[in-house]
Amino acid sequence: MNIRTALQRIALNEDLNFLFTNRVPRIALTRFMGRWSRIRHPWVRDLSMAIWKAFSDLDLSEARKTHFDSLHDCFIRELKPGLRPIDARPGVLTSPSDGIVGAMGRIDSTPDGTDAQLFQAKGFPYRLLDLLGDDARGRALAQQLQGGSFVTLRLTSSMYHRFHAPCEATLEHVTYISGDTWNVNPIALKRVERLFCRNERAVLQLRQPDGGLLVLVPVAAILVASMRLHALDVPLNLRYRGPNQLPCSAHYQQGEEMGWFEHGSTILVLTPPGFEPAPGLADGLRLRMGQALLQRSAAHTQPPSPPAP
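So for the sequence shown, the numbering used here puts the first residue at 202; every next one is plus one.
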């Protein structure tokens, strides 16, 4: 057994993994890593990337460039053109990012949407309102999404970290909610209740050409409490105390880049009724950006949803 294999086995030990990634000063460590990763010194960069490769399956063969100025530069790398073809069939919502399907299913329906639930892992439900924010806008969104579908996509640290529009849509509003920086790997999801509702996150409200609603929720994690959106001129990070309401108007074609994480994390895709999982979608499936994620149900025609206040 070589050193790399031994380190990866240690990382997969549930108790050790949870201890090292959660029983630490998470926010302080995340801020430190944000500064460290931007140091443009070859020794710092090379040592950091060597440690990263030792604990992961990092593969840079798809990267647009072969030289990186810093660890952060590698984290947010772009890909060579043409490596992520888009499934442009009518009615298909494509995966906004590379990722592993975590939880998926229906958003439980209630009369007013206030107690609608979804799952972060088996036996770990959480309220939709706790995720979106329990205010007038969050309640309006929850009411429209109840009875709809959700898919959770987990990005590992070695994956491509940029996210893209699942369909042609206009980004109407961003709610940034500050929070903690728990690890979002499966080990933590089985131990920390309502984890996604505790962490830094952004609620991206999109409107499709037919008026239908689509919501993306990028969730930050330890070492990665920072997101960038092309539609906003400020980073979303721990320096902002949330929730912050950020109106915007940015139109995207399907597959167009919307922003990026500063490391790996999670994206939740939420739709109103009228969508179902694409054929073959299952927990644990590894997807690439642009592959089919959800599709319109032939048995349900969704009327346009009214905009949230």
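Ideal Cβ placement from N, Cα and C applies to all residues, glycine included.
Taking the straight line between their C-alpha atoms, what separation do you get for residue i and residue j?
i	j	result
R408	P243	44 Å
A370	H431	14 Å
L433	N445	13 Å
G306	V245	43 Å
M490	D316	31 Å
M459	F364	6 Å
A304	A341	24 Å
P513	P436	This structure cannot speak to residue 513, because the chain is shown only from 202 to 510.
R165	S310	One cannot answer for residue 165 here, as it falls past the ends of the chain, which runs 202 to 510.
L259	M360	7 Å
N223	S358	At N223, the pLDDT of 48 sits below 50, so the modelled position is not reliable; the number obtained from the coordinates is stated separately. Each residue's alpha carbon lies about 16 Å from the other.
V418	D247	33 Å
L405	G485	25 Å
A499	P282	34 Å
L284	E457	14 Å
R399	S257	26 Å
R429	R402	12 Å
L469	L319	11 Å
A483	F351	12 Å
Q321	L396	8 Å
H527	V416	With the chain represented from 202 up to 510, any question about residue 527 goes unanswered, as that position is not in the structure.
L280	E463	15 Å
Smallest Cα separation from residue i: which of the options?
i	options	result
F276	L261, L433, L284	L261
L494	N400, R239, Q455, F269	Q455
L488	I301, L294, R241	I301
L447	R402, S359, D331, T376	T376
A479	S249, K281, S257, D288	D288
R497	L284, A403, L319, F476	F476
P535	N400, R290, L414, M250	The requested residue 535 is not part of the displayed model; the chain covers only 202 to 510.
S427	V416, H452, Y453, S466	S466
Assign residue i to buried or exposed, taking buried as 16 or more other Cβ atoms, counted over all protein chains shown, within 10 Å of its Cβ.
i	result
A421	buried
H268	exposed
S450	exposed
Q492	buried
G380	buried
G164	Absent from the model: residue 164. The displayed extent of the chain is 202 to 510, so no value can be given.
Excluding the five sequence neighbours on either side, which residues of its own chain have a C-beta within less than 8 Å of the C-beta of residue i, listed in chain order?
i	result
E394	F325, Y327
Report yes if the C-beta distance between residue i and residue j is below 8 Å; otherwise report no.
i	j	result
G349	T472	yes
I378	L346	no
L356	D299	yes
A343	L354	no
Taking 6 Å as the limit between beta carbons, can you name the residues of its chain near residue i, skipping five residues before and five after?
i	result
P367	L294, T295, P297
R241	D270, S271
R278	A264
W461	I277, H362, R363, R429
Looking only at its own chain, which residues have a Cβ that is under 7 Å from the Cβ of residue i, when we skip the five neighbours before and after it?
i	result
M250	L272, C275
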